[in-house]
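Participant:
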Ligand code: PMP
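Residue numbers (my numbering): 1 to 304.
Here you go:
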């Protein structure tokens, strides 16, 4: 992102300020010890409704509260939801956007400080990733997922992304687009920034929340949509070699939405192209997030 692409405003500690004025201390434990929890949300512009819908706000902010509770960051003041919506309105977006909400220990302190809490919200234009249509190639990483009893992946804390970064760097160096990370037991956990589904014999399968994954809101959404569509679904451990047997597979998360997986370890998934069920779920997901499916309107928060 170039300087010109940066948004005009951000929320800093509850106030909307010019983006360039949103600064924190260089000795803040949020930076020095990565005591920082965050959320990434998407807003979808619906041209027909002339409306911007933010997807599953309550679920994202609840997860932030949970992350803060686990790593003992004090709760920020006021309603983050109202602050976020006020910021989006002030920036005036009429396109798809991405919002990052983050809470951290600010100022100057030690590793176990619980405050002062600082928080910031940034939103920017962000369209669909090209990988949504194209698909991507994945390779199993030699790095193992950090464990729930070490640096819990269940919480969305920036410290966990060191593990993701190592796996992502290795994948890139090996000529893959992204990594599959196994947990300590050798089962599939997730990718560096998203969860995984495979399909075998027509049944969609995703690892459980105990496999070393972030409790992804997109994964949860897809589980509901798959059940609603009457497709077979199993939530269970996935072995590495099952990746090679998959007829279809995809990667999911707020940012990437649903990215078809074309190969694992250079072994093609199915025909090596995005599969029909993946396409069907992409279409369903798109209708849901843009407010074109009345059954799921309660997941959307209109901005204007
Ligand atoms: N796992 C990890 C490690 C992630 O970073 C993300 C996305 N931020 C996800 C899964 C997907 O989570 P969500 O669907 O809530 O965006």
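Every residue, glycine too, gets a C-beta built ideally from N, C-alpha and C. Remember, predicted model here, so these are calculated numbers, not experimental data.
Ordered along the chain, which non-local residues of its own chain (more than five positions away) have a Cβ less than 7 Å from that of residue 305?
Facilitator: Lying before the first or after the last residue shown, residue 305 is absent from the chain, which here runs from 1 to 304.
Participant: Would you check if the distance between the CB atom of residue 262 and the CB atom of residue 225 is smaller than 7 Å?
Facilitator: In the chain shown, residue 262 corresponds to position 262, counting from 1. In the chain shown, residue 225 corresponds to position 225, counting from 1. No, they are not a contact pair.
Participant: The ligand ATP and residue 10: does any heavy atom of the ligand fall closer than 6 Å to the residue's C-beta?
Facilitator: Summarising the ligand content, the structure contains the ligand PMP and does not contain the ligand ATP.
Participant: Identify, in the order they occur along the chain, each residue of the same chain with its Cβ nearer than 8 Å to the Cβ of residue 143, setting aside the five sequence neighbours on each side.
Facilitator: Walking along the chain shown from the start, residue 143 turns up at place 143. Here the set comprises 163, 166, 167, 170, 179, 181.
Participant: Does the separation of the CB atoms of residue 145 and residue 189 fall below 7 Å?
Facilitator: Mapped onto the chain shown, residue 145 falls at position 145. Mapped onto the chain shown, residue 189 falls at position 189. Yes, the Cβ-Cβ distance between residue 145 and residue 189 is below 7 Å.
Participant: Using DSSP's beta-bridge definition, name the partner residues of residue 100.
Facilitator: Mapped onto the chain shown, residue 100 falls at position 100. Answer is 40, 122, bridged to residue 100.
Participant: May I ask you to check if the CB of residue 257 is nearer than 6 Å to at least one heavy atom of the ligand PMP?
Facilitator: In the chain shown, the residue the question calls residue 257 occupies position 257. The answer is no for residue 257.
Participant: Using a 10 Å radius around the Cβ and a threshold of 16 neighbouring Cβ atoms, would you call residue 26 buried or exposed?
Facilitator: Position 26 of the chain shown holds residue 26. Exposed: under 16 other Cβ atoms inside 10 Å.
Participant: Which partner residues of residue 232 appear in the DSSP bridge assignment?
Facilitator: Position 232 of the chain shown holds residue 232. In DSSP, residue 232 forms a bridge with 203.
Participant: Near residue 289, which residues of its chain fall below 6 Å by C-beta distance, leaving aside the five closest residues on each side in sequence?
Facilitator: Taking the first residue of the chain shown as position 1, residue 289 is located at position 289. Closer than 6 Å at the Cβ level, and outside the excluded window around residue 289, lie 44, 55.
Participant: When the Cα atoms are used, what is the spatial distance from residue 161 to residue 192?
Facilitator: As a first step, residue 161 is located in the chain shown; it is residue number 161 there, counting from the start. As a first step, residue 192 is located in the chain shown; it is residue number 192 there, counting from the start. One C-alpha to the other measures close to 7 Å.
Participant: Please classify residue 269 as buried or exposed, where buried requires at least 16 neighbouring CB atoms within 10 angstroms.
Facilitator: On the chain shown, position 269 is the one that residue 269 refers to. When all chains shown are included, residue 269 counts as buried.
Participant: Compute every distance between the C-beta of residue 59 and the non-hydrogen atoms of the ligand PMP, then say whether any falls below 6 Å.
Facilitator: Sequence index remark: in the chain shown, residue 59 carries index 59 (1-based). Every heavy atom of the ligand PMP is 6 Å or more from the Cβ of residue 59, so no.
Participant: Under 7 Å Cβ to Cβ from residue 60, same chain only, skipping five residues before and after it: list those, please.
Facilitator: As a working mapping, residue 60 is identified with position 60 in the chain shown. So the qualifying residues of the chain are 39, 41, 217.
Participant: Write down the C-beta distance between residue 155 and residue 66 rounded to the nearest angstrom, noting that I regard them as a contact closer than 8 Å.
Facilitator: Translated into positions along the chain shown, residue 155 becomes position 155. Translated into positions along the chain shown, residue 66 becomes position 66. That pair is a contact at about 7 Å.
Participant: Hey, how far is the Cα of residue 130 from the Cα of residue 247?
Facilitator: Taking the first residue of the chain shown as position 1, residue 130 is located at position 130. Taking the first residue of the chain shown as position 1, residue 247 is located at position 247. C-alpha separation (whole angstroms): 22 Å.
Participant: Just how far apart, CA to CA, sit residue 74 and residue 230?
Facilitator: Against the chain shown, residue 74 aligns to sequence position 74. Against the chain shown, residue 230 aligns to sequence position 230. The alpha-carbon atoms of residue 74 and residue 230 are separated by roughly 42 Å.
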